[in-house]
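Beneath this line is the structure, given in C-alpha cells, with notes to follow.
In mature numbering (1 follows the signal peptide of the UniProt record, and there is no 0), the protein residues as written are -33 to -1, 1 to 323.
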C-alpha cells in the first residue's frame, strides 16, 4: 500500500514538474524582458499630449517639500563633482526613468529606481584629497539610503548571501574625511559586483587612477554600471550590472581615459575612447568635451606600477597596452587576469576559512 501511494505521488510530481519549472522561470524571464524593453532606444515613446501630461505629473510629484535634502544638479554639493558643473546627458532617454540625483559630501550619484543601483557616481579628485584618503584606515559601514523611497531602495537584505560583493562606484579609497568615507558606504553608491572583479582587476584600476590623480593634481571621475544584453541577473530586488566602467578626465591634459570591464570573473579590462563608451552605455558622460577629445584614446595604466611611469596621453591605440599589460602586470583587455602567488594564497586562505 505504501509503495503504491509513493508511486502515485512521484507520478503526480513528475507530471507537474514542467509547470513548476515554467512558474519558476517567469520572474527571471519577465525581468530580462522588462529591462531590455525599458532601456531600448524606442521604448516609451508617446504622443505629445500624453508626454506633456506625464512630464507635468512627474515634475509635480518630484517637487521638493523644503524638508528634503537638496538633490538637484545646481546644488553646489552636486555640481562640484561634475566638470564645469554639468552632469552627464542621457543619450537614451529611457535610462532616465525613475532616476534620482543624490548629493553627497565627496561624490554625486544618479540612482535608478528600476535597477536599484547607481547608474553613475561622479567625483572631483585632487592630489590633496587622495593623500588624505590614503592616511585614513577603512571603516566599513554599509547602510541603506533613506532619501530613496522604500519602493525603489536597495536594502542590506538584498545583498545578504547573494555571492556578490557590495561594490563601491565612488570608492572608499578616494574619500579624504570620515564623513566622506561614511557616505561612500551608502547603498546608493553600491552595485552587486563579482567578487573576483572587485578584489582584483577593479581594485588595481582604482589604485592606478589614484596614482594618476596624484601625478596630474586633479581629475574628474565618473564610475558607473551598464546593463547590457538580455541575460541580466537579480539579487533580491537589485539588478546585477553586466559591466562596470570608469571615465577619468584630466583638465590640464584635456584628455579622458576609460576603463570598461565585464562584471564577471574573467578579469577582462578594455581601454576605450570616451566616444566608444558613450555609444555602449547610452550616456554622454562629459557633454562639455569636444568630439576630438572624446575620440582620442588614452593608454590608461592598469596597475599602480604602470601609473608610476605616468599615463600615456599621446593617444596610442590599445594594441600595445593589451600585450604589455597582460604580460607584465596581469591585466588584459582580451585575456584573463592571472592571479599572483599572493593572490593564490589569499584564495586558499578564504577557502579554508569557509570550511571552518
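C-beta: ideal position from N, C-alpha, C; glycine also.
### Query
Exposed or buried, which one is residue 43 when buried takes at least 16 other CB atoms within 10 Å?
exposed
### Query
What residue from 241, 181 and 261 has the CA that sits closest to residue 91's CA?
181
### Query
From residue 70 to residue 262, what distance separates their C-alpha atoms?
30 angstroms
### Query
Helix, strand or coil for residue 129 per DSSP?
coil
### Query
Do three or more CB pairs link the region 111 to 122 to the region 191 to 199 at distances below 8 angstroms?
no
### Message
Please report the distance separating the alpha-carbon of residue 121 from that of residue 133.
### Response
11 angstroms
### Query
By how many angstroms is the C-alpha of residue 74 removed from the C-alpha of residue 54?
12 angstroms
### Task
Could you tell me which residues DSSP puts in a beta bridge with residue 188?
90 and 215
### Message
Between the alpha carbons of residue 164 and residue 233, how many angstroms are there, rounded?
### Response
8 angstroms
### Message
With a threshold of 7 angstroms on Cβ separation, who are the neighbours of residue 58 within its own chain once the five nearest residues in sequence on each side are excluded?
### Response
245, 249, 250 and 251
### Task
Take residue 257 and list the residues in its own chain whose beta-carbon comes closer than 6 angstroms to its own, dropping the five residues that flank it on each side.
none
#### Entry: Candidates 72, 237, 154 and 80, of which the one nearest residue 124 by Cα
154
### Message
Less than 6 angstroms between C-beta atoms, sequence neighbours within five positions excluded: which residues of the same chain meet that for residue 96?
### Response
143
### Task
State the Cα-Cα distance for the pair residue 207 and residue 148, rounded to the nearest angstrom.
24 angstroms
### Buried versus exposed call for residue 118 [16 or more other C-beta atoms within 10 Å across all chains shown]
exposed
#### Entry: Per-residue burial, residue 85 [other beta carbons within 10 Å of its own, 16 or more giving buried]
buried
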